[in-house]
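**Q** Numbering (UniProt numbering), first residue to last: 1 to 765.
Beta carbons: idealized from backbone N, C-alpha and C, even for Gly.
There's a structure below that I have some questions on.
Here's what the structure looks like:
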């Protein structure tokens, strides 16, 4: 893989960062080598999408940002838009928004806007192909990369995200330099994932900022700069991107100092816990930052509840019928919701998966407590084995709680090493058997599923007694009241599936199954291309049990005739991007490091053992600076700027891709007898709460950009086909259109860009 130039270049349209880059350049130009390597090295280690509600996505981000800022945290390591959900059994799909690039992209962008509204740096992760926990090395073609897996990252960059976290692609120069920085115009910092960066200078040349200190970074990074193994242009780029993001979020003024420790819950603790031998002091000030954020969490959990089946209108419950509760998932774990480190167990109510994306529960509002507040006639059997002593009474309704868990692969739970490699797509703890036993005993059964992703329901979904099915997904701390409000009809369910539920795992291609161990380096080839989830099922004509976007309500909604208004005049290819602007680099002057003294450790400074420092001893610094040996830079590496990527030009790509192509408006009417919220999908939008017969507040407008209705064509002949965004189709009127020669011959092999039919026709199906 050729390594590309690392000169600092601002996209022509990225004017939002100009002032921050100017401030950063002024500061970085005064830094020593050790100060630069210090600021670019880390020091240690250690489902909202179902709501289809953009306002709640933003509100969640703002709440997270406010809490982090209140604790003096500079960077939020989220949101996660990779994995996208290609792997049904993948361990970390629950951290994102759903198996669709539009849903994932909008969810990520709204979260970023919310987080950064509080002056926090948001970090999109994980770039790219991070679709399973083991053996992630991916082979992805250009069109699939852009139309699926890169799409949410482009959305986040367009929203102004301050940082991107890379995993498997940490030293893929083409992805980091050509795609992320150049084509997508990303101006912020790019950090490696934990333990993902293992090759020292080569990875730095590829464009990554190291997150971990050892074994390669800090003092070793200083050595690489002093002996010219790593050009100063690369170090300046790294440093400038960190400082510019700091300025961009306004963290240079009035930002709180850190006031908490994640290593202990006590007020006093080790000041440098990673050092083993450390001074102690106050590490937790217990600053209250939660405010009313529990209300936001409850609203999200409630609007995420997805009603898949409701025969005989069994739901909502009237509060009078005797209720029989089955399954350990109805109640929080007897050992407490935080008993398992990083939530690495499936005990009690499943509120989140496990791994580094988890949080400590401040409390757990479990379903059984909330249900008992609504009904005085509740009998609970909080085990996952159906009791032989279960009592049957006239009018009984049985509520059966089942679950499916997953997480990050540094924890193995019940044989599942992050991914659901043992459990497959079945409910854990033999949940299928629990449902079937209850359905055999009771005439009215409601199945409530807490799950990180799709599960198979075929063993019991058609049983006569199984009247209703609710997917409550992973609801977090507010699992109880959010569910009870839907069960008892305070709110009509308005969640929708962010993935499809098939009748068999074999309904999907083998390429989306988990890649296992093999000799050599296992490779995951994305041979299915664009066809994942509903795209594959539609392509093959396979009917799922429940499709992506499915979700019932207690009421009915009607859609008026859609109105489509054209935006900008569309051409077969976007107009050329304006020229890029050079910034910062020219102000730094020298292209080689300064004297060895820039790296000397301060005289008389007492180091803490095992703490990571960027300084070198005088002897080591002098020896390194005097070295004349040449580092073998990777083939193709150059400090000369390459030709701009044809699809680039602004934050998120060519600015013209974000022009409004069409505005689609439709009136939504609540034609039922209960209040509720409706979701319109193309892009997507959720209405306000509409009373029975109400429609005057529900004129919904969806904006489709040029990018939404375009085809990514890696061959540059603009061959048109069916493009699909949500449920909106683009019908091309021509089989082949020329994009023009201006997009060719950029020195990267195949040129690629976004092409459009001359006369697109839109239809809602």
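Using a Cβ-Cβ cutoff of less than 6 Å, which residues in the same chain neighbour residue 686 once the five nearest sequence positions on both sides are dropped?
**A** So the list reads 52, 53, 677 and 679, once near-sequence residues are dropped.
**Q** By a C-beta neighbour count over all protein chains shown, 10 Å radius and 16 as the cutoff for buried, is residue 471 buried or exposed?
**A** Buried is the call here.
**Q** Mind reading off the beta-carbon distance from residue 325 to residue 380? Whole number of angstroms is fine, and I expect it under 8 Å.
**A** That belief holds up - the Cβ atoms of residue 325 and residue 380 are roughly 4 Å apart, short of 8 Å.
**Q** I want to know whether the segment 220-240 touches the segment 616-629 - three or more CB-CB distances under 8 Å.
**A** Enough Cβ pairs lie closer than 8 Å, so yes.
**Q** Does the beta-carbon of residue 220 have 16 or more other beta-carbons within 10 angstroms, so that it is buried, or is it exposed?
**A** Looking at its Cβ environment, which holds 16 or more other Cβ atoms inside 10 Å, residue 220 is buried.
**Q** Assuming residue 365 and residue 480 are in contact, meaning their beta carbons sit under 8 Å apart, how far apart are those beta carbons, in whole angstroms?
**A** That pair is a contact at about 4 Å.
**Q** Under 8 Å by Cβ, that's how I've got residue 316 and residue 377 pegged, so tell me the actual separation to the nearest angstrom.
**A** Not really, about 16 Å apart at Cβ, beyond 8 Å.
**Q** In the DSSP assignment, what are the bridge partners of residue 416?
**A** DSSP lists 413 as partners of residue 416.
**Q** Can you tell me whether residue 693 is buried or exposed, with buried defined as 16 or more other CB within 10 angstroms of its CB?
**A** Label assigned to residue 693: exposed.
**Q** By the 10 Å Cβ neighbour count, where 16 or more other Cβ atoms means buried, how is residue 464 classified, buried or exposed?
**A** Residue 464 should be labelled exposed.
**Q** With a threshold of 8 Å, are at least 3 pairs of Cβ atoms found where one atom belongs to the segment 355-364 and the other to the segment 331-343?
**A** Touching, yes.
**Q** Would residue 25 pass as a contact of residue 614 if the rule is Cβ separation under 7 Å?
**A** No, they are not a contact pair.
**Q** Could you check the C-alpha separation between residue 521 and residue 193 for me, to the nearest Å?
**A** Taking the straight line joining both Cα atoms gives about 20 Å.
**Q** Does the beta-carbon distance from residue 40 to residue 242 come in below 7 Å?
**A** Yes, these two residues count as a Cβ contact at 7 Å.
**Q** Consult DSSP for residue 681 and reduce its assignment to one of helix, strand or coil.
**A** Here residue 681 sits in strand by DSSP.
**Q** What does a CB cutoff of less than 8 Å around residue 338 pick up in its chain, not counting 5 residues either side in sequence?
**A** Answer for residue 338: 360 and 361, listed in chain order.
**Q** Could you have a look at residue 368 and say whether DSSP puts it in helix, strand or coil?
**A** Helix.
**Q** State the beta-bridge partners of residue 524 as determined by DSSP.
**A** For residue 524, which the question treats as bridged, DSSP gives the partners 138.
**Q** Which word fits residue 392, buried or exposed, when buried means at least 16 other C-beta atoms lie within 10 angstroms of its C-beta?
**A** Looking at its Cβ environment, which holds fewer than 16 other Cβ atoms inside 10 Å, residue 392 is exposed.
**Q** Return yes when the Cβ of residue 469 is within less than 7 Å of the Cβ of residue 399, no when it is not.
**A** No, the Cβ-Cβ distance between residue 399 and residue 469 is not below 7 Å.
**Q** With DSSP as the reference, label residue 673 as helix, strand or coil.
**A** Coil.
**Q** Grab the span of the beta strand (DSSP E) containing residue 548 for me, first residue to last.
**A** Per DSSP, residue 548 belongs to no beta strand (DSSP E) and is neither H nor E.
**Q** Considering only residues of the same chain and omitting the five flanking positions on each side of residue 89, which have a CB-CB separation below 6 Å?
**A** 419, 420 and 514, listed in sequence order.
**Q** Any idea what DSSP makes of residue 107, helix, strand or coil?
**A** Three-state DSSP puts residue 107 in a helix.
**Q** Just verifying my parser: in three-state terms, what is the DSSP assignment at residue 611?
**A** Correct three-state label for residue 611: coil.
**Q** Cα separation between residue 459 and residue 432?
**A** Taking the straight line from one Cα to the other gives about 7 Å.
**Q** Taking 6 Å as the cut-off, does the CB of residue 84 come closer than this to any heavy atom belonging to the ligand GDP?
**A** Of the ligands one can find in the structure shown there are none, so the ligand GDP has no counterpart to examine.
**Q** Does the segment 540-551 come within contact of the segment 494-511, defined as at least 3 CB pairs closer than 8 Å?
**A** Yes, the segment 540-551 is in contact with the segment 494-511.
**Q** Would you mind reading off the limits of the alpha helix (DSSP H) that contains residue 440?
**A** Residue 440 -> alpha helix (DSSP H) spans 431-441.
**Q** Restricting to runs no shorter than 4 residues, where is the alpha helix (DSSP H) found entirely within the UniProt domain "Glycoside hydrolase family 3 N-terminal" (48-199)?
**A** With a minimum length of 4 residues, the continuous alpha helix (DSSP H) runs that stay inside the UniProt domain "Glycoside hydrolase family 3 N-terminal" (48-199) are 54-70, 101-116 and 151-158.
**Q** Using CA atoms only, rank isn't needed, just tell me which of 328, 134 and 442 is closest to residue 368.
**A** Nearest of 328, 134 and 442 to residue 368, Cα basis: 328.
**Q** Starting from residue 328, follow the alpha helix (DSSP H) in both directions and report where the run begins and ends.
**A** Segment: none, residue 328 is in no alpha helix (DSSP H) and carries neither H nor E.
**Q** Quick check: residue 675 and residue 691, are their CB atoms within less than 7 Å of each other?
**A** Yes, they are a contact pair.
**Q** Quick check on residue 525: buried or exposed, where buried means 16 or more other Cβ atoms within 10 Å of its Cβ?
**A** That one is exposed.
**Q** How do the segment 102-120 and the segment 72-82 stand: do at least 3 beta-carbon pairs fall below 8 Å, yes or no?
**A** Taking 8 Å as the limit for Cβ pairs, the verdict is that the segment 72-82 does touch the segment 102-120.
**Q** Name, in chain order, the residues that DSSP records as bridge partners for residue 471.
**A** Its beta-bridge partners are 306 and 449.
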